Amino acid sequence: MKSPVPIVERSILIFAVWAVLGFLGLGIFLEGLKQDSWLLSAAGVAVIVLAFVAHIIVNGVFDTGFTPGETALGIGAYGVLGLVFVAGAVGGSLTMTNYYSGLTLFGVLAAGFLAYLLTRHGLRGAFSRFHIKPMTEREPSK
Amino acid sequence: MMWLPLYILFYAAVTLYWARMAARANGNYQTYFSASHSLPPWVSALVLSGASISGWIMLVGAEEIGRNGFGLAAILQAGIALSLPGVFFFKRLWLLGQRLQLSSLSELLRAYWSSEFLVAFSTVVATLFAVAFAGVQMAALSRLVVLLTDQTVSMPAAAMVLCFILFGYVVIGGMRAVGYLGAVQTVLAGAAIVGFAGCAVLQLGGFGALNAGLLKLAADPAAAGKFIVSGVVQFTAGGGRQAAAAHEGTALASLAMVFALMGLQSSPMAIKVVLSTNSPRAIAAGQTWVMAGAFGAMIALCVACFGAASLIDPSKDLSGLLTLISPWFAAWLFIGLLAGVQLMAGLALLTAGESLIRNVYKPWFHSSLSRRDTVTVTRVAIGLLVLASGLMQVLTPVTLSMLASLALPLAFQLWTPLLGMTWLRWFTRPGVVTGVGFGIAGVLLTEPFGIAVLSALGLELPWGRAPWTMSSAAWGMVANLLVTMLVSAFTQRRAFGGEAAQEARSFLYGILRPASRVRALRSTAWSISLAWLFFAVGPGLILGNYAFNKPDGGWALGMPSLWGWGLVSWVTGLGIVWFLSYKMEMASPHVGAIPDYQPPPRLRPDQRAAERERLRALFVTVAVAFGIVVLIVLSFGH
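From first to last, the protein sequence lines are chains Z and G.
Mapped onto my numbering, the consecutive letters of the first sequence carry residue numbers -2 to 139.
Mapped onto my numbering, the consecutive letters of the second sequence carry residue numbers 8 to 645.
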C-alpha cells in the first residue's frame, strides 16, 4: 500500500498541470474556433497533449497510472465534448475550419490514448484492459 | 458571461475537494492547526512564494508602474526582497520550533521572550493580514467580477461568494487544506502573471512595439519623469501635506518599500508555514529558485511588461485588459488572480484564528478548553474574521485600505525579536519589547491610519504620510532598531528570558557553529549584500536613470534604462540570495535529527479564578477606554 503523502503530492501536481496547461490549451483551442483559425486551434490541441504528457510523466515519477476517477472524468469529458461537436456538425453551425479543428482535437486525443495504452501495456495488454472475461471463463490459476 | 461563473464553480469544487482530503487526513480536528507538521518541503516552498506574491503584485505593483512609471524601481526587485527574510530566518526558526515543539510565531515569542506584549502584537499583525490586507485584495477581485459580468452580479454578492469559498476550505481543512491547495494556487497565480503579461504585449503588437511606445512616451517632457528615480531623497513633509517634486519615487522610497516587503516573510502567516513543514530541506531551494528566481523573473519581466503596457495605454490596465480579451481567457486569468489572493487570505485567516483563540484567548481566559473545543472556537473566530472582512469590503473600503497599509510595516517590526532569536543573541527582552513598542509608534505616526486617528482626537501632526518620501516601515524600523540596541546595551546583565530561551540559545549555538569556510566568507557576504542594497534599491538607484541611455537619446538595451538596471539588479540579487542560502549556509539543508526539548515537569495551579478576574478586567478596561475616547473626540475632535 502506498503512503498517503506521495498520493497527495501526485494529486497536487496533477491539479497544477491541468489547471495551467489544460485550461490554457482549452482557451487557445476556443480562440482558434472564434477566429476561424485551424492553426490556433491546433496549437491549443498541442498544449492539451502537452498536459497529457506532463500527467504521464507525473504518473511515471510516482510509479502509478491514471486513477479510476481520472479515467472516468477523461472519458466522460471526451464523450460530452464529442456530443457537442456532433450536435454542432449536424446542426450545420460549424464552419469548415471549426469542423477540422474538432476533428483534430478528437483524432489526436483518441490516437494519443491508444498510443499510451500500447506503449504502457503492449498490444495484448491494451486489449485486455477492455476485454474483461467473466469469472466462469477464466483459466484456473496455477 | 457564462465562462466566469463556470470557472469559479470549478475553482470552488477544487477547493472543496482539497478541503475534504485535508479534513479526512486531519481526523477532523486532531491536526487542524499545523497538519501534524507534515507538509512536504516543496509544497511549503511553493506556498511561501505564492503567499508572498498573492495578488498584490498585479493589483498594486503593476498598477504603480502603469500609473507612475518606473520611478519606484524597488517593485522590480520584489522577488529578491521577499526572499531575503526567509534566507535569514526560516532555517533557524524551523530548528527552534522543532526543538521546542512549537507551531506558531506567537508560541515562539512567548517561549523565547516570555512577553505577552509580543504575543499580542503578532496576533494583531496576523489579524490585520487576515481582515485588511487580504480584504483589500478580495474587494478588488469582487469589483472585477462586477466588471466581467457586465454588472449582472453586484459587488456585495461577489464579495459574499468569494468570502464563502475562502471560509469553506479554511474552516473544513485547516492548515493541510491551505498547504495542499496553496501549491496548486501558487502555480495558477504564476501562470496568471505570465498570462497577463503575454496578453498585454500581444495587444500592443509585441515586445518591440511596447518599447517603441515607451520610447515615444519618454520623449514627451510631461512624461519623461516616469522613467527616472526622482533623487536620493526629498525632504518633504509627506503625502497630504507637501507634494514631492516630479514624483515620490526617490531612491529612499524604494529602499523603504523593500523594507515593507520584507515584512511579508517575517509575518506570523509565513512562519506558520515554516513551522508546519516536515523538513527544512527545501528552504534554500524555495527561497533561491522559486521566490527569487522564478517569481523574481516574473516580476522583473512580466509584471514590468504589463505595467508598461498600461503606462502607454491606460485602457490596457488590469480591468481594461480583462474586458479586451476573450471571455475564457479573462475567466482563466481571473481565477489565477483569485487563487493567489485566496492563498494568502486563507493562510492569514488560519494564522489569525489560531493566534486569537489558541495563543491569546485560551492561555489568558480559558485554559481548560479541550483540543476539540479549541478547534471549534477557532473555526467560529475564522468565520467572524471573514464576516468582518466582507462587511468592511462593502461598507468601509477606505478604513479597510488604511488598515491594510499597516500590515506590512507592522510585520516588518517583528524583525528585531526574530533577529534576537536567531542571530543577534545580545538583544535582551527589555530591549526587544521596548524597541517593538517604538517601532509600532513610528509606523502609526507616519501612516494615514495613525494620522487620521490622532486628527479625530484633535491632534494635528505637522507631517503627512511617508515624510521625506520614506514609508512607515523604514521610520518604524529606525526607531525600533535604535531603541532595541540601546536598551539591550544597558540591560545586558539581566536574564534573557525563561528556561526555553536559554535552551534555544544554547541549542542554536551548538548546532549551527559555522565552518571555517563560512567564517572566511563573512566579509565577502557583507560586502556584496550591502553593495547590492546600495545599487539595486538604495541611493545607487539614481545611477540607473541614465546608465543604459545612448548619447543620442535612445536606449542601449532597447528598454528604459531603469528597467534594464532593474533586470541587472535582479540577476545579481539572485546570485546573492544563492550565495547566502548555500555558500553561507544560512538556509542550506540541515541533516540530522532534532531531539525534542523536555521542560522540567511543573504543577499547574488552578487558573479559573484568575481567568475570570482577567476577563472582568478586560471588560472594564474596554468600557473605560471607549468612554475616554468618546469624550476626547467630543471635546477636541472634528
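Glycine included, every Cβ here is placed at the ideal spot set by N, Cα and C.
These numbers come from a predicted model, not from an experiment.
Q: Check whether the Cβ of residue 108 of chain Z lies closer than 7 Å to any Cβ atom in chain G.
A: It does not; no Cβ of chain G falls within 7 Å.
Q: Step through the CB atoms of chain Z and report whether any lies within less than 7 Å of the CB of residue 567 of chain G.
A: Not closer than 7 Å to any Cβ of chain Z, the Cβ of residue 567 of chain G fails to qualify, so no.
(Q) Pairs of beta-carbons, one from the region 382 to 399 of chain G and one from the region 347 to 362 of chain G, closer than 8 Å: are there three or more? (A) yes
**Q.** Proximity below 7 Å, CB of residue 106 of chain G to CB of residue 604 of chain G
**A.** yes
Q: Please classify residue 475 of chain G: is it buried, with 16 or more other beta-carbons within 10 angstroms of its beta-carbon, or exposed?
A: Residue burial annotation: residue 475 of chain G is buried, with at least 16 other C-beta atoms found within 10 angstroms of its C-beta.
(Q) Given a cut-off of 7 Å on the beta-carbon distance, is the pair residue 198 of chain G and residue 343 of chain G in contact? (A) By the CB criterion at 7 Å, residue 198 of chain G and residue 343 of chain G fall inside the cutoff.
Q. Looking only at its own chain, which residues have a Cβ that is under 8 Å from the Cβ of residue 547 of chain G, when we skip the five neighbours before and after it?
A. 258, 541
**Q.** Within chain G, partners of residue 28 of chain Z - CB distance below 8 Å
**A.** In chain order: 333, 335, 336.
Q) Taking all protein chains shown into account, do 16 or more other C-beta atoms lie within 10 angstroms of the C-beta of residue 158 of chain G, making it buried, or fewer, making it exposed? A) With fewer than 16 other CB atoms across the displayed protein chains lying within 10 angstroms of its CB, residue 158 of chain G is exposed.
**Q.** Nearest candidate by alpha-carbon position, reference residue 15 of chain Z, set Z:94, Z:115, Z:49
**A.** Selected option, being the one with the closest Cα: Z:49.
(Q) Pop quiz: residue 522 of chain G and residue 94 of chain G are said to be a contact at Cβ under 8 Å. What is the actual Cβ separation, rounded to whole angstroms? (A) Not really, about 18 Å apart at Cβ, beyond 8 Å.
Q: Assign residue 232 of chain G to one of three DSSP states: helix, strand, or coil.
A: helix
**Q.** Contacts of residue 339 of chain G in chain Z (Cβ-Cβ under 8 Å)
**A.** 20, 21, 24
Q: Label residue 387 of chain G either buried or exposed according to how many other C-beta atoms from any shown protein chain fall within 10 Å of its C-beta, with 16 as the threshold for buried.
A: exposed
Q: Find the nearest neighbour of residue 263 of chain G within the set G:98, G:417, G:41, G:334, judged by alpha-carbon distance.
A: G:417
Q) Using a C-beta to C-beta distance shorter than 7 Å, which residues of chain Z count as neighbours of residue 195 of chain G? A) 16, 17
**Q.** Cβ-based neighbour list, residue 566 of chain G, same chain, cut-off 6 Å, excluding 5 preceding and 5 following
**A.** 218
Q) Skipping 5 residues on each side, what residues in its chain have a beta carbon closer than 8 Å to that of residue 132 of chain G? A) 274, 275, 414, 417, 418, 421
Q: Name the residue from G:70, G:442, G:304, G:287 whose alpha carbon lies nearest to the alpha carbon of residue 600 of chain G.
A: G:287
(Q) Tell me which residues of the region 26 to 37 of chain G have at least one Cβ-Cβ distance to chain Z shorter than 8 Å, keeping chain order. (A) 28, 32
Q: State yes or no: is the beta carbon of residue 119 of chain G nearer than 7 Å to at least one beta carbon in chain Z?
A: Not an interface residue.
Q: Taking only the alpha-carbon atoms, compute the straight-line gap between residue 468 of chain G and residue 455 of chain G and give it to the nearest angstrom.
A: 11 Å
Q) Does the region 437 to 448 of chain G come within contact of the region 223 to 240 of chain G, defined as at least 3 CB pairs closer than 8 Å? A) no
Q: Please state whether DSSP places residue 556 of chain G in a helix, a strand or coil.
A: strand
(Q) Please return the same chain residues whose Cβ sits closer than 8 Å to the Cβ of residue 550 of chain G, not counting the five positions on each side in sequence. (A) 542, 572
Q. If we count the other Cβ atoms within 10 Å of its Cβ and call it buried at 16 or more, is residue 47 of chain G buried or exposed?
A. buried
Q) Taking 7 Å as the CB-CB cut-off, is residue 1 of chain G touching chain Z? A) Lying before the first or after the last residue shown, residue 1 of chain G is absent from chain G, which here runs from 8 to 645.
Q: Determine, using beta-carbon pairs with one atom in the region 18 to 38 of chain G and one in the region 304 to 318 of chain G, whether at least three such pairs fall under 8 Å.
A: The region 18 to 38 of chain G is not in contact with the region 304 to 318 of chain G.
(Q) Considering only their Cβ atoms, is the gap separating residue 58 of chain G from residue 350 of chain G smaller than 7 Å? (A) yes
Q. For chain G, is any of its Cβ atoms less than 7 Å away from the one on residue 13 of chain Z?
A. Under the Cβ distance rule, residue 13 of chain Z counts among the residues neighbouring chain G, one pair being separated by less than 7 Å.
Q) How about residue 576 of chain G and residue 553 of chain G: are their beta carbons less than 7 Å apart? A) no
Q: Give the residues from the region 61 to 72 of chain Z that approach chain G closer than 9 Å (Cβ to any Cβ), ordered along the chain.
A: none
**Q.** Chain-order list of residues whose beta-carbon lies under 6 Å from that of residue 14 of chain G (same chain, five-residue window excluded)
**A.** For residue 14 of chain G, where only same-chain residues beyond five positions count, the Cβ hits under 6 Å are 338, 342.
Q | Those residues which DSSP pairs with residue 284 of chain G across a bridge | A | G:46
Q. Between the region 267 to 298 of chain G and chain Z, which residues of the former have CB atoms less than 8 Å from a CB of the latter, in chain order?
A. none
Q. Residues of chain G with a CB under 8 Å from the CB of residue 201 of chain Z: which are they?
A. Lying outside -2 to 139, the shown extent of chain Z, residue 201 of chain Z is not represented and no answer is given.
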